[in-house]
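A.B. asks: Sharing a structure with you now.
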Amino acid sequence: MQTVVKLTQQSVQGEIESVLDTYPYNPYQQAFAIPDLRQELIKFVLNRIPCLYYSNFEGHIPFSEDDKEYLIKSKLPRSPLEQQLYVQNLIHQGIYTIFKDKSDWISHHLCEKIQPGFEPSHWFG
Numbered sequence: 051m052q053t054v055v056k057l058t059q060q061s062v063q064g065e066i067e068s069v070l071d072t073y074p075y076n077p078y079q080q081a082f083a084i085p086d087l088r089q090e091l092i093k094f095v096l097n098r099i100p101c102l103y104y105s106n107f108e109g110h111i112p113f114s115e116d117d118k119e120y121l122i123k124s125k126l127p128r129s130p131l132e133q134q135l136y137v138q139n140l141i142h143q144g145i146y147t148i149f150k151d152k153s154d155w156i157s158h159h160l161c162e163k164i165q166p167g168f169e170p171s172h173w174f175g
């Protein structure tokens, strides 16, 4: 089971890279370059793949009753293309959800990364 989980995690990470490449650098790629947000996105996707509840990450994303019922009833699509589209859709959902839930934190964190050389000078008043 550990091998399956590792392969699934590697596959999800590869899909995340592919999907993020379709988003603008600022703020999406820049935000998910932050390790904590990247881990949260990976966790979001892995925890929503049917029949795979991955708990090696610290903490779990809480599920609503509707989510739990959906996960019990759903099955991973059979064809590889359907599986890829399913995972890509989960990634898009995760990006949207994380940005919605953490928009203030992301804005604050990305604004802190401005380098001093790019700030306006206060020398001239």
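Under our numbering, the first residue of the sequence shown carries the number 51, and numbering increases by one thereafter.
The C-beta atom is built at its ideal place from N, Cα and C for all residues, glycine as well.
Remember, predicted model here, so these are calculated numbers, not experimental data.
Just the Cα atoms here: how many angstroms apart are residue 82 and residue 59?
C.D. replies: 16 Å
A.B. asks: Just how far apart, CA to CA, sit residue 87 and residue 148?
C.D. replies: Those two C-alpha atoms are separated by around 8 Å.
A.B. asks: Quick one: using the 10 Å Cβ neighbour count with 16 as the cut-off for buried, is residue 93 buried or exposed?
C.D. replies: Burial call: buried.
A.B. asks: Can you grab the Cα-Cα spacing for the pair residue 151 / residue 158, in whole Å?
C.D. replies: 14 Å
A.B. asks: Run the CB neighbour count on residue 67, radius 10 Å, all protein chains shown included, and call it buried at 16 or more, exposed below.
C.D. replies: exposed
A.B. asks: Could you spell out where the alpha helix (DSSP H) holding residue 138 opens and where it closes?
C.D. replies: 130-151
A.B. asks: Does the beta-carbon distance from residue 90 to residue 138 come in below 8 Å?
C.D. replies: no
A.B. asks: If distances are taken between C-alpha atoms only, which option among 99, 77 and 97 comes closest to residue 161?
C.D. replies: 77
A.B. asks: Report the three-state DSSP secondary structure of residue 94 (helix, strand or coil).
C.D. replies: helix
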